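Enquirer: Quick one: this structure, given as structure tokens, is what I'll be asking you about.
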Amino acid sequence: MATKYSIPRGTYDILPDISYRRIYVEQMFYKIAATFNFKQIVTPIFERSDVFERSVGDTSDIVQKEMYRFTDKKGRKFALRPEGTASVVRSYVENNLGMAGGATRLCYSGPMFRYDRPQKGRYRQFYQYGVEYLGSDDPMVDAEIIALGHRYLTALGLKNFKLEINSIGSANCAKDYDAALVDYFTPHLDAMCRDCRQRIDKNPKRLLDCKVASCKAIAKDAPNMLEYLDDDCKTHFTAVQRYLAQMGIPFSVNPTIVRGLDYYNKTAFEFIDTNLGAQNTLIGGGRYNGLVAQFGGKDVPGIGFAGGFERLMLSMETEGCFFGEEPRPQIYFVALGNAAKVAAAGILYRLRSQGISAEYNVEKTSMKAQMKAADKSGAKGVLILGDDELKDNVVVLKWLETGKQKRIKIDNIAEELHPE
RNA sequence: GUGGCUGUAGCUCAGUUGGUUAGAGUACAAGAUUGUGGCUCUUGGAGUCGGGGGUUCGAAUCCCCUCAGCCACCCCA
């Protein structure tokens, strides 16, 4: 007996009855991105491991324990991509995309891989969409990227989300701030959870994020990141807010937003769903000045965001959003008898060549069964061909919604379906 | 990686203190004067009771292991 295989943990199949929804949501993304003149870039789903290790940060959880790594036959080290930005920047540098002059606006979508414990809205293979803007540090660009995210969510019909923004400063103000945090938290450490005690050395900003009640209480009075911004970061951040206000995009400043990837600086933002579970970040993004230089390119500033299709669609489901029309054939062909079946092959092929979607069922022979199948398929019309019609060179066209039917010439089917 | 809950037809679920051929709804298939769908009715097929091991005369039911899903931690999309 053949063994039945089951899908790997944390992955899922997109089955044909709902795959049109994914197509709708993805196409909407590219459509909105195009209105901002972003163009698609496609990169491989695996890269040399250090592409991610160096950019995402080798102390980050993603690199430390969530990457799918493998070695090829020549011993090269690769990893399935855990996120999109590193690959895009690698390609930007490798192909000198900046040489075209002006800014580079890129968008992408595709599968990402993280070895995580699966739960609702979190998978080991998941699908992200994202944008990257390379070539400017102007705060207007920050606002534009955020606006693009906002436009997309809105275009899908989502309402129950909020935008939170923050500035995590640049390298030099972050250093001051981290020192201030260590100074503040160190005397309280005994009252804090074990995780926090461990994290204070690695990344003191994380202590701001802790969910444990006692830690939360201490973190409440911690130094505010925004007060440690240098002048450049400060004016940048206020300008971003001014642009957002100008665009009429509502937001709130949340100083505890700490993005988990090392390359972020200055502006950080999240679109959060307000009625999803624990995995409620719809879109996360931020600025990453310095990353291009780190990949061996010029010191070109950049900013971008990424979001997961899974959470997006979960959110759309809870809000009852439109997911696009379910595809169905225009015509269902009912053939009675073998001569009609043979003729149907030719007619079907001609209709399809003319762009008319058509379906039939060879397994069913009775008229009743074929009509039932036609009804179930959602087809708008049925073409019925039997011996009577065959000898007159006609078919019966029946509209399923109204039940009206008439005999039409076989050569005129396409015109009858498209009256104009 | 840690903890809690769950796992019975394709889907949603029943299944009494372990007891004989494991049920329902829905979906599917065939039929109701044989060339006309939807509604109704009749009949039918379909389940390794997640998997493996153990206790027992007997396990879907009790015990152990394992796999998977969900929820939270964590992490983030």
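Just so we're aligned, residue 137 is where the first sequence starts under this note's numbering, counting upward by one.
Just so it is clear, CB atoms sit at the ideal spot from N, CA and C, and this is done for glycine as well.
From a predicted model like this one, the values you see are computed outputs, not experimental measurements.
For Phe297, which of helix, strand or coil comes out of DSSP?
Expert: strand
Enquirer: With 16 other CB atoms within 10 Å as the buried threshold, where does Met137 fall?
Expert: Model confidence at Met137 stands at a pLDDT of 45, short of 50, so the residue's coordinates are unreliable; what they give is reported in the following sentence. It is exposed - the Cβ of Met137 has fewer than 16 other Cβ atoms within 10 Å.
Enquirer: Note down, in chain order, each residue of its chain lying with its Cβ closer than 6 Å to the Cβ of Leu299, except the 5 sequence neighbours on either side.
Expert: Phe387, Phe407
Enquirer: Pick out whichever of Leu519, Ala316, Ile492 has its Cα sitting closest to the Cα of Met503.
Expert: Closest option to Met503, Cα to Cα, is Leu519.
Enquirer: How about Arg212 and Arg184: do their beta carbons lie closer than 8 Å?
Expert: Yes, the Cβ-Cβ distance between Arg212 and Arg184 is below 8 Å.
Enquirer: Who pairs with Gln394 in a beta bridge, going by DSSP?
Expert: A small fix is needed here, since residue 394 is Val in this sequence, not Gln. Partner(s): none; Val394 has no beta bridge.
Enquirer: Evaluate the contact criterion for the segment 164-179 versus the segment 240-255: three or more CB pairs, one atom per stretch, below 8 Å.
Expert: yes
Enquirer: Just to confirm my understanding: we take Phe174, look at its own chain, exclude 5 residues before and 5 after, and list those with CB closer than 7 Å. What are they?
Expert: Arg241, Leu242, Cys243, Val267
Enquirer: State yes or no: is the C-beta of Leu484 within less than 8 Å of the C-beta of Ala475?
Expert: No, Cβ-Cβ distance for Leu484 and Ala475 is not below 8 Å.
Enquirer: Just list the alpha helix (DSSP H) runs in the segment 364-447, keeping only unbroken ones of 4 residues or longer that don't cross its boundaries, in chain order.
Expert: Runs found: 367-383, 427-430.
Enquirer: Name the DSSP beta bridge partners of Gln541, please?
Expert: Lys534
Enquirer: My output table needs one value for Pro152: the three-state DSSP class, helix, strand or coil.
Expert: Three-state result, Pro152: coil.
Enquirer: In the structure shown, what three-state DSSP assignment does Met248 receive?
Expert: strand
Enquirer: Applying the 10 Å Cβ sphere with the 16-neighbour rule, what's the burial state of Pro275?
Expert: buried
Enquirer: I'd like the list of long-range same chain contacts for Gly473, defined as Cβ closer than 7 Å, with 5 residues on each side in sequence excluded.
Expert: Gly522, Asp523
Enquirer: Rank Gln255, Phe262, Ala239, Arg253 by C-alpha distance to the C-alpha of Val277 and give the top, closest one.
Expert: Ala239
Enquirer: What number of angstroms, rounded off, separates the C-alpha of Glu552 from the C-alpha of Ile467?
Expert: 12 Å
Enquirer: Report buried or exposed for Ala215, applying the criterion of at least 16 other Cβ atoms within 10 angstroms of its Cβ.
Expert: buried
Enquirer: Inspect the beta-carbon positions of Val192 and Leu397 and report whether they are closer than 8 Å.
Expert: yes
Enquirer: Can you find at least 3 beta carbon pairs, one from the segment 223-237 and one from the segment 444-462, that sit closer than 8 Å?
Expert: no
Enquirer: Could you please give me the residues that DSSP links to Ala471 through a beta bridge?
Expert: Leu521
Enquirer: Tell me which same chain residues have a C-beta within less than 7 Å of the C-beta of Glu556, skipping the five on either side of it?
Expert: Any reading at Glu556 is ruled out, since the residue's pLDDT is 45, under 50, leaving its predicted position unreliable.
Enquirer: Assign Met361 to one of two classes, buried (16 or more other C-beta atoms within 10 Å of its C-beta) or exposed (fewer than that).
Expert: buried
Enquirer: Can you tell me whether DSSP reads Val267 as helix, strand or coil?
Expert: strand
Enquirer: Which same chain residues, not among the five before or five after Ser344, have their C-beta less than 7 Å away from its C-beta?
Expert: According to the sequence as given, residue 344 is Leu; it is not Ser. Same-chain partners within the cutoff: Ala355, Ala358, Thr392, Val394.
Enquirer: Does the segment 250-258 come within contact of the segment 287-304, defined as at least 3 CB pairs closer than 8 Å?
Expert: Flag = no, the segment 250-258 and the segment 287-304 do not touch.
Enquirer: Cutting at 7 Å between CB atoms, please list the residues of its own chain near Glu202, excluding the five before and the five after it.
Expert: Pro218, Arg250, Tyr251, Asp252
Enquirer: How about Leu412 and Gly234: are their beta carbons less than 8 Å apart?
Expert: no
Enquirer: Under the assumption that Phe373 contacts Ser272 (Cβ atoms under 8 Å), give the Cβ distance between them as a whole number of angstroms.
Expert: Not quite, the Cβ-Cβ distance comes to about 16 Å (not below 8 Å), so this is no contact.
Enquirer: At the level of alpha carbons, what is the spacing between Lys129 and Ala481?
Expert: Not covered by the structure: residue 129. The range shown for the chain is 137 to 556.
Enquirer: Measuring alpha carbon to alpha carbon, tell me which of Leu533, Gly460, Gly422 ends up nearest His554.
Expert: Leu533
Enquirer: Is it right to say Glu525 is buried, meaning 16 or more other beta carbons lie within 10 angstroms of its own, or is it exposed?
Expert: buried
Enquirer: With a Cβ-Cβ cutoff of 8 Å, do Ile301 and Thr403 count as a contact?
Expert: yes
Enquirer: What's the gap between the Cα of Arg157 and the Cα of Asp149?
Expert: 13 Å
Enquirer: Skipping 5 residues on each side, what residues in its chain have a beta carbon closer than 7 Å to that of Thr417?
Expert: Glu406, Ile408
Enquirer: Just to confirm, is the Cβ distance from Phe188 to Ala222 under 8 Å?
Expert: yes
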